[in-house]
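Residue numbers (the numbering used here): 2 to 172.
Right, dumping it as structure tokens:
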């Protein structure tokens with residue numbers, strides 16, 4: 002938590018400061034870095050790491066790898082996940098806080114929740130592929146993508162809200 006907290010604070014401070022100063026390119030750079038970290042942590046193989054995780058090879062050890070079938074190793078299955086066909090959902094971002102410390106606490110909790118959900122979905126996705134039921138993965142991939150997008154939307158909405166001192170929740 003100490004390291005993630007420091008990273009969240011650093012990026013949120015830079016995003017909010019640049020929003021307030023109207024320096025959009027710099028805001029986008031810092032937001033891109035933070036969102037990239039959140040997206041990577043919440044989708045696919047990287048969800049196996051992160052808070053309370055292990056490493057990307059945990060499923061390789063858990064499932065007995067099939068020697069000559071690279072496409073069915075857990076890591077290759079998760080690395081090949083594609084969310085480009087996932088339809089966007091209607092979502093109103095939620096405010097994570099009215100100050101950076103408050104956002105950090107709520108963001109960390111939401112981040113842990115999203116990563117843990119994705120980690121469980123990863124296990125199910127691998128199991129489906131290994132049992133020749135990959136067609137059942139579309140909904141699991143959709144769930145993982147939506148959790149990730151919601152987390153990113155909440156983060157940006159909260160940073161913008163603090164920068165503009167506008168804390169109206171959207172519908």
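Even for Gly, the Cβ is constructed at its ideal location relative to N, Cα and C.
Whose CA, out of 154, 9, 142, lies closest to the CA of residue 80?
Answer by Cα proximity: 142.
Helix or strand or just coil, what does DSSP make of residue 133?
DSSP places residue 133 in coil when its eight states are reduced to three.
Where does residue 148 sit, in a helix, a strand or coil, going by DSSP?
Here residue 148 sits in helix by DSSP.
List, from N- to C-terminal side, the alpha helix (DSSP H) runs of 4 residues or more that fit wholly inside the region 38-64.
If we require 4 residues or more, the alpha helix (DSSP H) runs fully inside the region 38-64 come out as 59-63.
Roughly how many whole angstroms lie between the Cα atoms of residue 168 and residue 99?
Spanning the two alpha carbons is a distance of roughly 7 Å.
Once the 5 residues before and after residue 153 are set aside, which same chain residues still bring their CB inside 6 Å of it?
These residues qualify, in order along the chain: 36, 39.
Buried or exposed, going by whether 16 or more other CB atoms sit within 10 Å of the CB of residue 45?
Its Cβ being crowded by 16 or more others within 10 Å, residue 45 is buried.
Please classify residue 116: does DSSP put it in a helix, a strand, or coil?
Residue state, collapsed to three classes: helix.
Does the pairing of the region 7-21 with the region 77-92 give three or more beta-carbon distances under 8 Å?
With the cut-off at 8 Å, the region 7-21 and the region 77-92 do not touch.
Got a sec? Which residues, its chain only, sit under 6 Å from residue 113 by beta carbon, not counting five neighbours each side?
Here the set comprises 52.
Using a threshold of 7 Å, state whether the C-beta atoms of residue 94 and residue 155 are closer than that.
In contact: residue 94 and residue 155 (Cβ atoms closer than 7 Å).
Could you check if residue 31 is buried or exposed, using at least 16 other CB atoms within 10 Å of its CB as the buried criterion?
With 16 or more other Cβ atoms within 10 Å, it is buried.
Just to confirm the assignment, what range does the alpha helix (DSSP H) spanning residue 87 have?
Counting along the chain, residue 87 falls outside any alpha helix (DSSP H), and DSSP gives it neither H nor E.
Where do the ends of the alpha helix (DSSP H) carrying residue 6 lie?
That run of the alpha helix (DSSP H) goes 3-22.
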